[in-house]
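S.K.:
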Amino acid sequence: MFAKLRSPRNPVLKFGAMLSALWLAACTPGTEGGAGPRLSSGEAVPVALLVPGGSGATGDETLAKSLRQAAELAISDLDGVKIDLRVYNTGGSPAQAAEAATKAVDAGAKIILGPVFAEAANAAGLAVANRGVSVLSFSNNTDIAGGNVFVLGPTFPNTANRLVSYAAAQGKRRILVVNDQTTAGEIGARAITAAIARSGASNAGQISYPFSQQDVTNVAPQIAAQVRGGGVDALFLTADTAGALPLLAQLLPQQGVDPAQTKFIGLTRWDIPPATLALPGLQGGWFALPDPNLNSRFRARYQTAFGTAPHPIAGLAYDGIAAIGALVKSGRSDALSRGALTQPAGFVGVNGIFRLRSDGSNERGLAVAEIRNNQVVVIDPAPRSFGGAGF
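According to mature numbering (1 follows the signal peptide of the UniProt record, and there is no 0), the sequence shown holds residues -25 to -1, 1 to 366 in order.
(1) What does the alpha-carbon distance come out to for the pair residue 50 and residue 223?
(2) When the Cα of residue 208 is compared with those of 146, 154, 188 and 337, which residue comes out closest?
(3) Once DSSP output is grouped into helix, strand and coil, what is the label at residue 40?
(4) If you draw a straight line from the C-alpha of residue 254 to the C-alpha of residue 195, how long is it?
(5) Can you find at least 3 beta carbon pairs, one from the region 94 to 107 and one from the region 122 to 132, that sit closer than 8 Å?
(6) Taking its Cβ as the centre, do 16 or more other Cβ atoms sit within 10 Å of residue 319, making it buried, or is it exposed?
(7) Does DSSP put residue 13 in a helix, in a strand, or in coil?
(8) Decide if residue 16 is buried, meaning its Cβ has at least 16 other Cβ atoms within 10 Å, or exposed.
(9) How long is the line joining the alpha carbons of residue 85 and residue 53, rounded to whole angstroms?
(10) When burial is assigned at 16 or more other CB atoms within 10 Å of the CB, is residue 362 buried or exposed?
(11) In terms of residues, what are the limits of the alpha helix (DSSP H) holding residue 330?
(12) Could you tell me the distance, in whole angstroms, from the CA atom of residue 27 to the CA atom of residue 229?
(13) Could you name the residues of the same chain whose beta carbon sits closer than 6 Å to that of residue 140, not counting the 5 residues immediately before and after it, in chain order?
(14) Determine, using beta carbons only, whether residue 25 and residue 72 come nearer to each other than 8 Å.
(15) Restricting to Cα atoms, I'd like to know which of 83, 166 and 90 is closest to residue 65.
(16) Take the Cβ of residue -4 as the centre, count every other Cβ of all protein chains shown within 10 Å, and call the residue buried at 16 or more, exposed below.
(17) Would the region 281 to 288 and the region 333 to 344 be scored as touching if the rule is three or more Cβ pairs under 8 Å?
(18) Could you tell me whether the region 308 to 315 touches the region 32 to 41, where touching means 3 or more Cβ pairs closer than 8 Å?
(19) Helix, strand or coil: how does DSSP classify residue 123 here?
(20) Answer yes or no: do residue 307 and residue 321 have a C-beta to C-beta separation smaller than 8 Å?
(21) To the nearest whole angstrom, what separates the beta carbons of residue 179 and residue 150, a pair I think is in contact under 8 Å?
(22) Can you check which of these residues, 249, 29 and 239, is closest to residue 257 by C-alpha distance?
(23) Let me confirm a value: residue -1 is counted as buried when at least 16 other C-beta atoms fall within 10 Å, else exposed. Which label applies?
(24) Does residue 181 come out as helix, strand or coil in the three-state DSSP assignment?
(25) Nearest CA to the CA of residue 225: which residue from 184, 326, 251 and 351?
(26) Just list the residues that DSSP pairs residue 322 with in beta bridges.
(27) Going by beta-carbon coordinates alone, are residue 60 and residue 263 separated by less than 8 Å?
(28) Nearest CA to the CA of residue 349: which residue from 336, 157, 248 and 42?
(29) Look at the alpha carbon of residue 79 and the alpha carbon of residue 245, and state the distance between them as a whole number of angstroms.
(30) Quick check on this structure: which residue in 266, 260 and 11 has the alpha carbon closest to the alpha carbon of residue 104?
(31) Let me make sure I understand the geometry here. Which of 219, 204 and 46 has the alpha-carbon closest to that of residue 192?
(32) In whole angstroms, what separates the C-alpha of residue 334 from that of residue 231?
(33) Of the choices 237, 267, 111 and 227, whose alpha-carbon is the least far from that of residue 294?
(34) Go ahead and pull the three-state DSSP assignment for residue 154.
(35) Which value, in whole angstroms, describes the spacing of the CA atoms of residue 155 and residue 164?
(36) Relative to the C-alpha of residue 353, which candidate in 260, 305 and 309 has its C-alpha closest?
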């Protein structure tokens, strides 16, 4: 278990912490929209890929390589579209990201894919905000979204909306929000609360706890008492697998919370690492994940092509290239304008359907999964279009 908050800087921590890993403090996002760069018919489109290489940290280098290889795989899948991929290292720092973004646009880049970390993505966006070039960052921090900056990562509001809507449809309408007192936990709690209000479900209250093992132990009886007091159909937890989730999954049933009666719902992935699936307290619990069929095919193709498994967020690089390729294929000179990027129909990538919103955030088609007998069982498939379930 944990004793204190661990640094979220390294994105190759267990994937359960990935959402926390990308929730870094952000400055004011760029506010310039721009009509977008003009493209020349038949010519290869210069695309800048900003990755966290060059920091000297093994995790950053691994992630940088995986993002580059996923982008290359996506380019090889494009039909009739030429992409001139240019890779720039940011060292994971905002200053280097801003410098790399400026250098890339000076060299002719029509769009920027990346960086990963929120502060670096924010800096990159600000650096080229008046150049008419959009930044499709791998962050999931919607605080930096807007202007010329979009986030491709799975966002808390999107996940919360999907799960709350499904829970309400299944009669689990009285939802108690349980969150850790971290930046990610508090932002996640706000996303859940907003989703509850939008769905017509009922907010059964909110309980938060400092991020330490002792504080989680201390808060478990309080959570159990509120559940036993009635009026709670589900617990929506922001805790992840690298933090408080395993301890809560153990303590809450011991305190008399029956997961068969009070549904456990997770804001983060509960299937990575796989050992989490064996936790008795999470049996019957729900969480959301990208379309597992599309994602497994991507992982298999990546493994075949490069001899190793992709980093958990490498698919975002593929998705970014897939979106760019789909737009460029239209042949329009303004194919990379904000209006084109935010087309309502969206795009299809290795994580399923997704679309970029005018506020810089995104919507992704997610499946709802349940843990049964230590296995992941999809109980509501990911939609295949934005007119389908979950939207």
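Virtual Cβ for every residue (Gly too), placed ideally from N, Cα, C.
Please read all numbers here as calculations on a predicted model, not as lab measurements.
M.R.: Taking the coordinates as given:
(1) Cα atoms of residue 50 and residue 223: separation of roughly 43 Å, rounded to the nearest angstrom.
(2) When each option's Cα is compared against that of residue 208, the closest is 146.
(3) DSSP places residue 40 in helix when its eight states are reduced to three.
(4) So the two alpha carbons sit approximately 17 Å from each other.
(5) With the cut-off at 8 Å, the region 94 to 107 and the region 122 to 132 touch.
(6) The C-beta of residue 319 has fewer than 16 other C-beta atoms within 10 Å across all chains shown, which makes the residue exposed.
(7) Looking at residue 13 - three-state DSSP - the assignment turns out to be coil, as it is neither helix nor strand.
(8) Exposed: under 16 other Cβ atoms inside 10 Å.
(9) Those two C-alpha atoms are separated by around 18 Å.
(10) Result: exposed.
(11) From DSSP, residue 330 is part of no alpha helix (DSSP H) but of the beta strand (DSSP E) over 327 to 331.
(12) Distance between residue 27 and residue 229, taken at the CA atoms: about 43 Å.
(13) Taking C-beta separations shorter than 6 Å and ignoring five residues to either side along the sequence, the partners of residue 140 in its chain run 174, following chain order.
(14) The Cβ-Cβ distance between residue 25 and residue 72 falls below 8 Å.
(15) By alpha-carbon distance to residue 65, the top candidate from 83, 166 and 90 is 90.
(16) A caution first: residue -4 carries a pLDDT of 40, below 50, which makes its placement in the model unreliable, though a value can still be read off. Label assigned to residue -4: buried.
(17) Too few Cβ pairs lie closer than 8 Å, so no.
(18) Segments in contact, no.
(19) Of the three classes helix, strand and coil, the one that applies to residue 123 here is coil, per DSSP.
(20) For residue 307 and residue 321, no; Cβs fall outside 8 Å.
(21) Contact flag correct, Cβ pair sits at about 6 Å.
(22) Ranking 249, 29 and 239 by CA distance to the CA of residue 257 puts 239 first.
(23) With a pLDDT of only 34 at residue -1, under the threshold of 50, the placement of this residue in the model should not be trusted; the figure read from the coordinates follows. Residue -1 comes out exposed.
(24) Residue 181 falls in the strand class under three-state DSSP.
(25) The option with the nearest alpha carbon to residue 225 is 251.
(26) The partner list for residue 322 (beta bridge, DSSP) reads 329.
(27) No.
(28) Selected option, being the one with the closest Cα: 248.
(29) Rounded to the nearest whole angstrom, the C-alpha separation of residue 79 and residue 245 is 38 Å.
(30) Ranking the options by Cα distance to residue 104, first place goes to 11.
(31) It is 219 whose Cα lies nearest to the Cα of residue 192.
(32) If you draw a straight line from the Cα of residue 334 to the Cα of residue 231, it is about 43 Å long.
(33) Residue nearest to residue 294 within the set 237, 267, 111 and 227 is 111 (criterion: CA-CA distance).
(34) Residue 154: strand per DSSP, three-state reduction.
(35) A direct Cα-Cα distance of roughly 9 Å separates residue 155 from residue 164.
(36) The option with the nearest alpha carbon to residue 353 is 260.
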